[in-house]
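> Take a look at this one; I'll ask things after.
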Ligand SMILES: N[C@@H](CCC(=O)N[C@@H](CS)C(=O)NCC(=O)O)C(=O)O
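Quick look at the structure:
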């Protein structure tokens with residue numbers, strides 16, 4: 003293949019919202035380039051003028067498609083799903099789509115935002131919260147969210163090899179990066195057998211593996 007890809011993903015290796023988009027791009031086999039934005043070095047490149055032009059919210063990911071910048075991981079993934087429908091990342095019926103979006107939003111709206119880097123930094127720097135308490139905060143919100151996610155999956159007849167049926171959807175795309183975060187913060191995953199099984203199945207797929215933080219060009223050794 004020659005030429006510059008149309009799609010550019012601005013991303014950080016350990017960003018779980020970026021990880022979601024990487025999985026979606028891989029599942030759809032979309033050629034793209036990736037521009038790392040270091041979220042920590044020198045106070046964070048997301049706050050610098052060049053990236054603020056791309057995303058005034060100073061958050062990754064951002065996807066540039068030609069002249070258009072698409073922001074917010076769920077919007078990016080649905081955009082990709084609309085312009086490249088194969089393989090679909092949402093089910094065919096409105097009810098099933100609502101179910102999958104509900105699972106995705108449980109993670110993306112109710113777990114992830116309160117454990118984000120800027121929230122951690124605010125807790126530490128402005129409120130004087132120590133590292134142990136900060137990590138306990140993160141585990142608490144993931145634990146609460148995963149308890150609900152697990153109960154929903156376990157109680158739904160449509161749960162299959164993946165969160166909905168036997169192919170990965172937007173729900174799996176959001177779940178796997180959140181499990182990565184849970185492991186990072188030492189959360190015991192024993193109470194969530196359905197989540198663990200689905201996560202294992204996803205990680206075995208090459209599209210998920212290639213999107214894994216540790217497999218990104220800007221990855222740093224695991225700490
Ligand atoms: N709702 C946003 C969340 C994006 C987000 O929180 N990104 C994090 C990395 S996962 C970030 O850029 N954090 C930078 C900071 O907190 O300063 C999305 O889904 O895209």
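In the working numbering, the protein residues as written are 3 to 225. Ideal Cβ positions, reconstructed from N, Cα and C, are used throughout, including at glycine.
Which residue comes first and which comes last in the beta strand (DSSP E) that contains residue 11?
9 to 13
> Which of helix, strand or coil does DSSP assign to residue 65?
strand
> Would the C-beta of residue 48 count as close to ligand 1, meaning under 7 angstroms from any of its heavy atoms?
yes
> Would residue 44 be called buried (16 or more neighbouring beta carbons within 10 Å of its own) or exposed?
exposed
> Applying the criterion that 16 or more other CB atoms from any shown protein chain within 10 Å of the CB defines a buried residue, is residue 181 buried or exposed?
buried
> Please return the same chain residues whose Cβ sits closer than 8 angstroms to the Cβ of residue 177, not counting the five positions on each side in sequence.
105, 109, 151, 165, 197, 200, 201 and 204
> Say the cut is 7 angstroms; is the CB of residue 120 nearer than that to a heavy atom of ligand 1?
yes
> Consider the C-beta atom of residue 63 and the heavy atoms of ligand 1; say whether any pair is separated by less than 7 angstroms.
Within the cutoff, so yes.
> DSSP three-state call for residue 123: helix, strand or coil?
helix
> If we count Cβ pairs, one from each stretch, closer than 8 angstroms, do we get three or more for the region 56 to 72 versus the region 136 to 151?
Judged by Cβ distances under 8 angstroms, the region 56 to 72 makes no contact with the region 136 to 151, as fewer than three pairs qualify.
> Name the residue from 99, 84, 138 and 29 whose alpha carbon lies nearest to the alpha carbon of residue 167.
99
> Less than 8 angstroms between C-beta atoms, sequence neighbours within five positions excluded: which residues of the same chain meet that for residue 133?
Within the same chain, and ignoring the five residues on either side of residue 133 in sequence, the residues whose Cβ sits closer than 8 angstroms to its Cβ are 126.
> Can you tell me whether residue 191 sits near ligand 1, meaning its C-beta is under 7 angstroms from at least one heavy atom of the ligand?
no
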